[in-house]
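Worksheet: the structure to be examined is printed underneath.
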Amino acid sequence: MPGSHGNVCVEGGIVIPRPPLLRTTTLFALTLLCFVFLGCSSNDADKNKKQIVLTGSSTVAPLIGEIAKQFEAQHPGVRVDVQSGGSSRGVADTRRELADIGMVSRDLKTGEQDLTAFTIARDGICVIVHRDNPVTSLTDDQIVAIYTDRINNWKEVGGSDAPITVVNKAEGRSTLELFVSHFNLDNAQIKADAVIGDNEQGIKTVAGNPNAIGYVSVGTAEYDATHDVAIKLLPLAGIAASIENVRAGTFPLSRPLNLVVTSETTGIVEEFIAFACSRDVNEIILEQYFVPLSQ
Numbered sequence: 001m002p003g004s005h006g007n008v009c010v011e012g013g014i015v016i017p018r019p020p021l022l023r024t025t026t027l028f029a030l031t032l033l034c035f036v037f038l039g040c041s042s043n044d045a046d047k048n049k050k051q052i053v054l055t056g057s058s059t060v061a062p063l064i065g066e067i068a069k070q071f072e073a074q075h076p077g078v079r080v081d082v083q084s085g086g087s088s089r090g091v092a093d094t095r096r097e098l099a100d101i102g103m104v105s106r107d108l109k110t111g112e113q114d115l116t117a118f119t120i121a122r123d124g125i126c127v128i129v130h131r132d133n134p135v136t137s138l139t140d141d142q143i144v145a146i147y148t149d150r151i152n153n154w155k156e157v158g159g160s161d162a163p164i165t166v167v168n169k170a171e172g173r174s175t176l177e178l179f180v181s182h183f184n185l186d187n188a189q190i191k192a193d194a195v196i197g198d199n200e201q202g203i204k205t206v207a208g209n210p211n212a213i214g215y216v217s218v219g220t221a222e223y224d225a226t227h228d229v230a231i232k233l234l235p236l237a238g239i240a241a242s243i244e245n246v247r248a249g250t251f252p253l254s255r256p257l258n259l260v261v262t263s264e265t266t267g268i269v270e271e272f273i274a275f276a277c278s279r280d281v282n283e284i285i286l287e288q289y290f291v292p293l294s295q
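Here is the structure:
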C-alpha cells in the first residue's frame, strides 16, 4: 500500500511530490512575486523618471519655461517639456495622464475638485490698444459696448475716426473666462473681428493694427511694452494696469497662476512643484512681470 507523509506520497520507496498542492503553492508564490515586482517597478519608475510634461495656460507657460531651465541645470539628465494650449487643456491633459502637471491661470472650478492646485504667482488681465492710439482710458461700460458692437468707431470714445478692430480670446482660455465674468458678458455676445490664442498672439495683433483692442495678461503686456512693443495698457476702473497694482491688491481683475495635479506627487514631479513654489524662483517671477507669493 502506498504511504502518505505530509506533502509527499511514498510508493515503492520512491518519494513523489503531490502535484496539486505543489502547483497551488507555486502559483501563489509567483503571484506574490508579481505583486512585489510590480509595486517595486512602479516606485522605481517614479524615482527614475527623467522627463516632466506640463501643458496648459499660455500665461503660465513662459514663466514655467524659465523655471524649468534652472531646474534642469540643477538636475542633470532631467528634461522639462512645457506646452501651452490654454488652461482647459492643462486640466484635461492632467486628468487623462497626458501631462504630469497642468498649468491653469485661474481658480479651480467646482467641477475640478479632483485636482490639487499649487499657486506659484499672481497676475492680472488688462485691456490693450496700439501705442499710437490717442485713447488713454475706457470705462467698463465703454469696453462692454465695444465688445458687443454697440460702439464700433474710435471717435465715439474720444479717438480717431476709424473702425475698431475687436480682438477676442479663443474658447478654452481662462483669460476669456475671467474677462467675460468680470464684465458680466457671455462669449456669444462678443462681436470679434479676430480671435487669438495665446497672449503673445494677441499682443502682436494689437501692435500690428493701430485700430485694434484686445485683452491679455498684465505681466506679459507690461513686459512687452517696456521692451518697445507698440502697445499701451489701459487702466481698469481708474486703476493703472501694472504688476505693482496687482501686488498691492488694488487692480480689479487679478488671478492666481497655478500648477495642478490629480494625485499626490512623488519623485522628480514633486521636486519640481516644490521648486516652482519656493522663494528660489522669485527673481524669475519678477523678471517675467508677475507677482511672487512670498518676498
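Using full-length UniProt numbering, read the sequence shown as starting at 1 and increasing by one per residue.
Cβ coordinates follow ideal geometry from the N, Cα and C atoms, glycine included.
From a predicted model like this one, the values you see are computed outputs, not experimental measurements.
Between Ile231 and Val206, the C-beta gap is smaller than 7 Å, which places the two residues in contact. About 5 Å separates the beta carbons of Val281 and Ile67, which is inside the 8 Å limit, making them a contact pair. Distance between Ile146 and Ser294, taken at the CA atoms: about 38 Å. Taking a 10 Å sphere around the C-beta of His130, we find 16 or more other C-beta atoms and assign the residue as buried. Ser87 sits in a helix when the DSSP states are folded into three classes.
Secondary structure note for Gly124: its beta strand (DSSP E) is the uninterrupted segment 116–130. In the DSSP assignment, Leu259 falls within the beta strand (DSSP E) that extends over 254–261. Ala221 and Thr136 have their alpha carbons spaced roughly 16 Å apart. About 6 Å separates the Cβ atoms of Ile268 and Val78, confirming a contact at the 8 Å cut-off. In this structure, Val291 sits near Arg122, with a CB-CB distance shorter than 7 Å.
For Ala162, there is no enclosing beta strand (DSSP E), as DSSP gives it neither H nor E.
Taking the CA atoms as reference points, Phe251 sits about 38 Å from His75. Within the region 224–248, complete alpha helix (DSSP H) segments of at least 4 residues are found at 243–248, given in chain order. In the three-state DSSP reduction, Gln70 falls in the helix class (H, G or I). Between the alpha carbons of Thr148 and Ser88 lies a gap of roughly 25 Å.
Between the C-alpha atoms of Lys204 and Ala240 there is a straight-line separation of about 22 Å. Secondary structure at Ser174: helix, using DSSP grouped into helix, strand and coil. Taking C-beta atoms under 8 Å as the contact rule, Thr94 and Leu108 fail to qualify, at a distance of about 11 Å. Spanning the alpha carbons of Lys69 and Val180 requires a straight line of approximately 34 Å. Going by DSSP, Gly214 is part of the beta strand (DSSP E) stretching over 212–217.
The C-alpha of Gly208 is placed about 19 Å away from the C-alpha of Asn152. In the same chain as Val195, and ignoring 5 residues on each side of it, the C-beta atoms closer than 6 Å to its own belong to Asn168, Ala170, in chain order. Val53 and Phe275 have their C-alpha atoms spaced approximately 15 Å apart. Look at Gln51 here: in three-state DSSP terms it is strand. Excluding five sequence positions before and after Ser174, the CB atoms of its chain that fall closer than 6 Å to its own CB belong to Ser87, Ser105, Arg106, given in chain order. Residue pairing from DSSP leaves Gly77 without any beta-bridge partner. Rounded to whole angstroms, the Cβ separation of Val216 and Cys126 is 7 Å, and the two are in contact under 8 Å. The C-alpha of Gly159 is placed about 40 Å away from the C-alpha of Thr55. Counting only the Cα atoms, Ser84 lies some 18 Å from Phe118. If you ignore the 5 residues before and after Thr165, its C-beta comes within less than 6 Å of the C-beta of Asp193, Asn209, Asn211, Ala212, all in its own chain and listed in chain order.
The secondary-structure analysis by DSSP pairs Lys169 across a beta bridge with Ile196. Burial is judged here by how many other beta carbons sit within 10 angstroms of a residue's own beta carbon; Ala225 has at least 16 and is buried.
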